[in-house]
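Residue numbers (our numbering): 54 to 116. Glycine included, each C-beta is placed from N, C-alpha and C at the ideal position. Treat the numbers as computed from the prediction; the structure is a model and nothing was measured.
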Amino acid sequence: MRKIKLDWKHTLFFLALMGGIYYLTDGSFLMSLGIMLLLFVVDYFLCILDDRIKEKKKMRDEQ
Numbered sequence: 054m055r056k057i058k059l060d061w062k063h064t065l066f067f068l069a070l071m072g073g074i075y076y077l078t079d080g081s082f083l084m085s086l087g088i089m090l091l092l093f094v095v096d097y098f099l100c101i102l103d104d105r106i107k108e109k110k111k112m113r114d115e116q
């Protein structure tokens, strides 16, 4: 299992975005929370993809 690294900048950005979505959805906290969770999931998978790309590039540079 991969260790999740929480960056305070990402968290702060997602919280600000959640506040904006909360305002736009007329106070629907559950919808804002769901979107926040989706953002964390997408960020997690993008980090995995970025690590794989860096690893492939490193292997190509070594050869």
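How long is the line joining the alpha carbons of residue i and residue j, rounded to whole angstroms?
i	j	result
LEU86	GLN116	46 Å
LEU59	MET112	27 Å
GLY80	GLY73	10 Å
TRP61	ASP114	32 Å
Is the beta carbon of residue i less than 9 Å from the beta carbon of residue j?
i	j	result
PHE67	PHE98	no
PHE82	TYR76	no
MET84	LEU70	no
ASP103	HIS63	no
List the endpoints of the continuous alpha helix (DSSP H) containing residue i.
i	result
SER85	82 to 115
THR64	61 to 77
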